[in-house]
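Residue numbers (the numbering used here): 67 to 229. By construction, the Cβ of each residue, glycine as well, lies at the ideal position given by its N, Cα and C atoms.
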């Protein structure tokens with residue numbers, strides 16, 4: 067008899083939790099699929115694609131871009147806000163950058179629901195970027211050393227070399 071009551075309780079708990087768990091897990095999930103910096107004819111921007119891979123809408127969010135000059139000195143942080151994404155919706159973005167830049171870092175990425183609560187975000191390029199970090203740090207250090215050795219106009223020379 068004791069095992070029968072125990073089994074019924076476990077079964078009841080499992081049934082109740084399975085009834086509520088899909089409701090609790092349903093939410094938007096913003097994924098940054100791709101991003102890159104571009105410049106041409108005096109216009110510079112960071113563009114890419116994001117997608118809501120959740121099963122509820124994403125009400126909005128932001129991307130924070132930190133442009134870097136040729137010696138990897140951080141420039142002014144740019145915060146770009148984006149509007150809603152329906153479940154499964156893909157959206158391209160183009161963030162203008164006021165000055166020429168050599169590279170950039172994604173300093174932040176966030177999303178929120180229709181009540182202002184944070185939603186999960188995933189940068190699909192994070193692993194690739196992390197794998198490149200060591201080489202990029204070496205290139206930045208070399209560029210800074212070259213600037214010290216060659217003088218103040220070195221940034222223009224380095225930009226030509228990196229381009």
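{"query": "Beta strand (DSSP E) segment containing residue 168, residue limits", "result": "Per DSSP, residue 168 belongs to no beta strand (DSSP E) and is neither H nor E."}
{"query": "With 16 other Cβ atoms within 10 Å as the buried cut-off, status of residue 88", "result": "For residue 88, the pLDDT reaches just 48, beneath the cut-off of 50, and the residue's location in the model is therefore unreliable, although a value from the coordinates is still provided. Exposed: under 16 other Cβ atoms inside 10 Å."}
{"query": "Contact set for residue 96: own chain, Cβ-Cβ below 7 Å, skip 5 residues either direction", "result": "116, 118, 124, 127, 151, 177, 185, 187"}
{"query": "Terminal residues of the beta strand (DSSP E) in which residue 118 lies", "result": "109–118"}
{"query": "Alpha carbon of residue 98 to alpha carbon of residue 75, nearest angstrom", "result": "43 Å"}
{"query": "Selection from 171, 157, 122, 182 that minimises the alpha carbon distance to residue 145", "result": "171"}
{"query": "Opposing strand residues paired with residue 104 [DSSP bridges]", "result": "111"}
{"query": "Status (buried if at least 16 other CB within 10 Å, exposed otherwise) for residue 195", "result": "exposed"}
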